[in-house]
Amino acid sequence: MDSPRPRCRYTLAELITQLRESAGSAHRAPGVSPLDPLVDIMIHGNDSTSACRIREMPAEQASAALDRVLRNPFR
31 MDSPRPRCRY TLAELITQLR ESAGSAHRAP GVSPLDPLVD IMIHGNDSTS
81 ACRIREMPAE QASAALDRVL RNPFR
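With the first letter of the sequence shown counted as 1, position 75 gets the number 105 in our numbering; the numbers rise by one all the way through.
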């Protein structure tokens, strides 16, 4: 039996507003480097794209993100 879809706590518009308001913040969880948000965007930015669509990644930022992942002791 399928359970009903849980109700979302925030609307899409509210989530977008929250993201935009916090975009310039330097506050991060302990152990999170300044490059970790870039890694998240580079990787998870592809989550919502079509399998037929190629998402360009700037080489300099992609290289920095990859270097961060490869040097992360927790990978």
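We treat Cβ as the ideally placed atom computed from N, Cα and C, and that holds for glycine.
Given residue i as reference, the closest of the options once Cα atoms are compared
i, options, result
"P64", "L100, A43, A94", "A94"
"L100", "R85, V69, E90", "V69"
"Y49", "I71, A89, E86", "Checking the sequence shown, residue 49 turns out to be Leu, not Tyr. The shortest Cα separation from L49 among I71, A89, E86 belongs to I71."
"I73", "L42, F104, R98, T47", "R98"
"G54", "F104, P67, G61", "P67"
"F104", "A89, G61, P88", "G61"
Helix, strand or coil at residue i [DSSP, three-state]
i, result
"P67", "helix"
"A53", "coil"
"E86", "coil"
Residue i to residue j span [Cα, whole Å]
i, j, result
"A59", "N102", "16 angstroms"
"R39", "L45", "10 angstroms"
"E127", "D77", "Outside the displayed span of the chain (31 to 105) sits residue 127, for which this structure offers no information."
Residue range of the alpha helix (DSSP H) that includes residue i
i, result
"A92", "89 to 101"
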